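One structure is given below, encoded as structure tokens.
Protein chains: 2
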Amino acid sequence: MEIKIMKNILDRNQNRANEVRSLMTEKNVTMVNIISSPGAGKTTLLERTLEELGDRFRIGVIEGDITTDRDAQRLKRFDIPIVMINTEGGCHLDSHSISKVLDLFELDNLDFLFVENVGNLICPSQFDLGETFKLAVVSTTEGDDKPAKYPMLFREAKAVLLNKIDLMPYTNFNIENFRSDLGKINAGVPLFETSFTRGDGLKDWFGWISRQVSGSL
Amino acid sequence: MEIKIMKNILDRNQNRANEVRSLMTEKNVTMVNIISSPGAGKTTLLERTLEELGDRFRIGVIEGDITTDRDAQRLKRFDIPIVMINTEGGCHLDSHSISKVLDLFELDNLDFLFVENVGNLICPSQFDLGETFKLAVVSTTEGDDKPAKYPMLFREAKAVLLNKIDLMPYTNFNIENFRSDLGKINAGVPLFETSFTRGDGLKDWFGWISRQVSGSL
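Residue numbers (the numbering used here), protein chains in the order written: chain P, 28 to 244; chain Z, 28 to 244.
Written out as structure tokens, the structure reads:
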């Protein structure tokens, strides 16, 4: 019973996601669905990326949050279109909520649409938003066992950012275990070992994300 | 439509949770539903608590995980009953899954039943398991904005453990902001500022949890 209901919900989500994806392709917009645990660094990643690439690319942002506008407030200093979706307790964004707000962007004038999903390693990876690709962000302070314990996201991600590499010396994080588990789940996936606060790994990230602009896919 | 279905699911969950709660009361078992983001320290909290209190109290553990038995393996060194529930992708435990495994414990011979929920700040707080109370674990490396951004859990928790206090100097975590936000959501809730690896705050935690044993409630 519940399985059938879940299938219906997912089917309807998939249909709308397919429409969103077609629209993004038509408009040459690269839509990036950013997924992580709470506090892994999604908003800080957007801040660093907008500081570095905001002049080179036309970037829009959708901020998914359960209840506050705190993340959107942090991005207000950038002169870009930002739309906030409050899920009112919901644990993930879905393609319907995305579809409804796309009218608020001038898609003909965008290269990238970054979607910061709700902080949650599980549910967001089960709902296709129509994104061009998913991006996984995980931090060393969460432990090296996260790819093995939450494989759905890591299996589907087009790239993985391992953040808070500056805090690794203070934890028992074993980077060989992390790389090995990730390799079993998604062999060859680009892995960026970063500190969004100290700057490690960001040059490689900026280079990689720049190459994902729609014309060059 | 989906709201009605969700209400049915939650109603059915609540009915079963009420049955579980009655059974725990009858058996004098304190059931603690431990909720946090991935990697905040739930399993390490159980390790420290079993090391300190394993001789004084009769403790059982239910380990909720999406796919692996890694957390349960970490607790195998203790001579206690442990039952693992794999949610097969599900983002939270529910009262039905708890109810089904209770037969595997000798409830007459337990003081505490600790339930380590799936690593997720959102969905687990929406499903009553029949627990005596919820416990929130959050770590400094997740940022000081977590109570404001994920209020459901922090509103319901009977106590909050702020872990990884040893890593605070390396982050921009503002403990005054954290305490202030938490106070607005759940005034007077006991807050333990801990490092499960270095030992900070554990003495207070052991004292508090010991007083939650059913006879002394």
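All C-beta atoms, glycine included, are put in the ideal place defined by N, C-alpha and C.
Note that the structure is predicted; figures quoted are calculated from it, not measured.
By the three-class DSSP mapping on this structure, what secondary structure does residue i have?
i: Ala163 of chain Z; result: strand
i: Thr57 of chain P; result: strand
i: Leu218 of chain P; result: strand
i: Arg238 of chain P; result: coil
i: Ile125 of chain Z; result: helix
i: Gly228 of chain P; result: coil
i: Tyr177 of chain P; result: coil
i: Asp208 of chain P; result: helix
i: Ala99 of chain P; result: helix
i: Glu203 of chain P; result: helix
i: Leu156 of chain Z; result: coil
i: Ala184 of chain Z; result: coil
i: Thr198 of chain Z; result: coil
i: Ala44 of chain Z; result: helix
i: Lys34 of chain P; result: helix
i: Phe233 of chain Z; result: helix
i: Glu133 of chain Z; result: coil
i: Leu50 of chain P; result: helix
i: Cys150 of chain P; result: helix
i: Arg104 of chain Z; result: coil
i: Leu72 of chain P; result: helix
i: Leu120 of chain P; result: coil
i: Arg83 of chain P; result: coil
Name the one or two DSSP bridge partners that residue i has.
i: Phe141 of chain P; result: P:Val59 and P:Val88
i: Asn113 of chain Z; result: Z:Asp92
i: Asn190 of chain P; result: P:Ser166
With a 10 Å radius around its C-beta and 16 neighbouring C-beta atoms as the bar for buried, classify residue i as buried or exposed.
i: Met28 of chain Z; result: In this predicted model, Met28 of chain Z has a pLDDT of only 48, less than 50, meaning its place in the structure is not dependable; the value taken from the coordinates is given anyway. By the neighbour-count rule (16 or more Cβ atoms within 10 Å), Met28 of chain Z is not buried but exposed.
i: Gly157 of chain P; result: buried
i: Lys3 of chain Z; result: With chain Z covering 28 to 244 only, the question about residue 3 of chain Z has no answer from this structure.
i: Pro174 of chain P; result: buried
i: Pro217 of chain P; result: exposed
i: Asp98 of chain Z; result: buried
i: Phe161 of chain P; result: Residue identity check: residue 161 of chain P is Lys in the sequence provided, not Phe. It counts as buried.
i: Asn144 of chain P; result: buried
i: Val128 of chain Z; result: exposed
i: Gly87 of chain P; result: buried
i: Asn35 of chain P; result: exposed
i: Asn42 of chain P; result: exposed
i: Ser207 of chain P; result: exposed
i: Asp130 of chain P; result: exposed
i: Asn45 of chain P; result: exposed
i: Asn136 of chain P; result: exposed
i: Asn220 of chain P; result: In the sequence on display, residue 220 of chain P carries Glu and not Asn. By the 10 Å Cβ count, Glu220 of chain P comes out buried.
i: Asp155 of chain P; result: buried
i: Gly146 of chain P; result: buried
Relative to the alpha-carbon of residue i, which residue among the options has its alpha-carbon at the smallest distance?
i: Lys191 of chain Z; options: Z:Ser49, Z:Asp227, Z:Trp232 and Z:Asn42; result: Z:Asp227
i: Thr168 of chain Z; options: Z:Phe132, Z:Leu129 and Z:Ser222; result: Z:Ser222
i: Val139 of chain P; options: P:Gln153, P:Glu115, P:Pro108 and P:Ser124; result: The question names Val, but residue 139 of chain P is Phe in the sequence shown. The candidate whose alpha carbon is nearest that of Phe139 of chain P is P:Pro108.
i: Thr114 of chain P; options: P:Ala184, P:Leu72, P:Gly91 and P:Val240; result: P:Gly91
i: Ala250 of chain P; options: P:Ile212, P:Asp172, P:Pro196 and P:Leu194; result: Nothing can be reported for residue 250 of chain P: it is not among the residues displayed for chain P, which extend from 28 to 244.
i: Phe105 of chain P; options: P:Ser166, P:Thr70 and P:Ser63; result: P:Thr70
i: Ile149 of chain P; options: P:Gly116, P:Met33 and P:Tyr177; result: P:Tyr177
i: Ala214 of chain Z; options: Z:Phe181, Z:Asn35 and Z:Val240; result: Z:Phe181
i: His119 of chain P; options: P:Ile93, P:Arg101, P:Leu131 and P:Glu133; result: P:Ile93
i: Gly68 of chain P; options: P:Arg225, P:Ser49 and P:Val128; result: P:Arg225
i: Met33 of chain P; options: Z:Gly116, Z:Gly81, Z:Glu79 and Z:Gly87; result: Z:Gly116
i: Ile112 of chain P; options: P:Ile125, P:Phe84 and P:Arg101; result: P:Ile125
i: Lys103 of chain P; options: P:Asp121, P:Phe200, P:Asn199 and P:Glu78; result: P:Glu78
i: Val110 of chain Z; options: Z:Gln100, Z:Ile89, Z:His123 and Z:Asp121; result: Z:Ile89
i: Ser166 of chain P; options: P:Asn136, P:Gln153, P:Ser152 and P:Phe205; result: P:Phe205
i: Ser122 of chain P; options: P:Val240, P:Ser49, P:Glu203 and P:Phe219; result: P:Ser49
i: Asp171 of chain Z; options: Z:Arg39, Z:Ser152, Z:Arg238 and Z:Gly210; result: Z:Gly210
i: Val59 of chain Z; options: Z:Thr198, Z:Pro151, Z:Lys31 and Z:Asn201; result: Z:Pro151
i: Gln237 of chain Z; options: Z:Asn40, Z:Thr57 and Z:Met51; result: Checking the sequence shown, residue 237 of chain Z turns out to be Ser, not Gln. Answer by Cα proximity: Z:Thr57.
Looking at the C-beta of residue i, does it have a partner C-beta in chain B at a distance below 7 Å?
i: Glu143 of chain Z; result: Protein chains P and Z are contained in the structure displayed, whereas chain B is not.
Inset, instruction - Can you give me, in chain order, the residues of the segment 84-98 of chain Z that have a beta carbon less than 7 Å from any beta carbon in chain P? - result: Listed by position, the residues of the segment 84-98 of chain Z near chain P (Cβ gap below 7 Å) are Asp92, Ile93, Thr94, Thr95 and Arg97.
Inset, instruction - Residues of the segment 51-79 of chain P with a CB closer than 7 Å to any CB of chain Z: list them in chain order, please. - result: Against chain Z - using a Cβ distance shorter than 7 Å - the residues of the segment 51-79 of chain P are Ser64, Pro65 and Gly66.
Inset, instruction - Can you give me, in chain order, the residues of the segment 174-194 of chain P that have a beta carbon less than 9 Å from any beta carbon in chain Z? - result: Flagged, chain order: Ala175, Lys176, Tyr177, Pro178, Met179, Lys191, Asp193 and Leu194.
Inset, instruction - With 9 Å as the C-beta to C-beta threshold (strictly closer), list the residues of the segment 147-158 of chain P near chain Z in chain order. - result: Flagged, chain order: Asn147, Leu148, Ile149, Cys150 and Gln153.
Legend entry - Residues from the segment 219-239 of chain P in contact with chain Z, defined by Cβ distance under 8 Å: Residues passing the 8 Å Cβ filter: Thr224.
Legend entry - Within 7 Å of chain Z by C-beta, residues of the segment 104-133 of chain P in sequence order: Listed by position, the residues of the segment 104-133 of chain P near chain Z (Cβ gap below 7 Å) are Gly116 and Cys118.
Inset, instruction - Check each residue of the segment 32-44 of chain P: if its Cβ is closer than 7 Å to any Cβ of chain Z, include it; give the result in chain order. - result: Contact residues of the segment 32-44 of chain P toward chain Z are Ile32 and Ile36 (C-beta to C-beta distance below 7 Å).
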